[in-house]
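First residue of the sequence shown: 101, per this note's numbering; consecutive thereafter.
Please read the structure below before turning to the comments.
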Amino acid sequence: MAEEFEYDVAFSFCAIDEGVATQLNDFLSPRLKTFIYSERRREIAGTDGQESFSQVYGRTARLVVVLFRPEWGETPWTRVERDAIKNRSLDDGWDFTTFVPTVDRPQCRLGYRRRGCM
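The following block contains the structure:
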């Protein structure tokens, strides 16, 4: 039996990349159930933001797309997302993630080389 996910794709990104995330989200959302914070604020309002984000990136999204730049994982909210992704990788491996660099020659700090992060 296939595992059920609440979202097909969740985007994780720094604020500076929100425009790119929104464009990708707008392109995919007619066909897939997507999660982008700016589109789902009402659903998260009134909840523990750290727990809600951890759930999405750590469990309920089939695919997590990280718009990667060196600052990703260093801001308070991307740090929550990064930690949820890393924790999930312990059980699921890294195949649920895709890293899309948004700057030239980004340096990944997750301890591995993967999909554009060299």
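Backbone N, C-alpha and C fix where the C-beta goes; we use that ideal spot for every residue, glycine too.
How many Å lie between residue i and residue j at the Cα?
i	j	result
V180	G173	8 Å
L132	K186	24 Å
I136	D204	24 Å
R182	N125	20 Å
R169	D192	24 Å
M218	F199	Because the pLDDT of M218 is 37, which lies under 50, any placement of that residue in the model is unreliable, and the number read from its coordinates should be weighed accordingly. Cα to Cα, the separation comes out at about 11 Å.
A121	T175	17 Å
R215	P130	Any reading at R215 must be qualified, since the residue scores a pLDDT of 44, below 50, and its modelled position is unreliable; the value itself is stated next. Looking at the two C-alpha atoms, the distance is approximately 26 Å.
G119	F127	12 Å
R188	E104	16 Å
S138	A115	10 Å
Q307	T134	Shown here, the chain extends from 101 to 218; a query on residue 307 therefore has no answer.
F153	F196	16 Å
E171	Q123	21 Å
Closest to residue i by C-alpha separation, out of the options, would be which residue?
i	options	result
Y157	A115, E118, W194, G119	W194
E151	R188, A184, A115, E103	A184
Would you please state the rounded distance, in angstroms, between the beta carbons of residue i and residue j? I believe it to be under 8 Å.
i	j	result
T202	D117	5 Å
F113	L167	4 Å
**Message:** With three or more beta-carbon pairs closer than 8 Å as the criterion, would you say the segment 150 to 164 touches the segment 101 to 113?
**Reply:** Contact holds: three or more Cβ-Cβ distances are below 8 Å.
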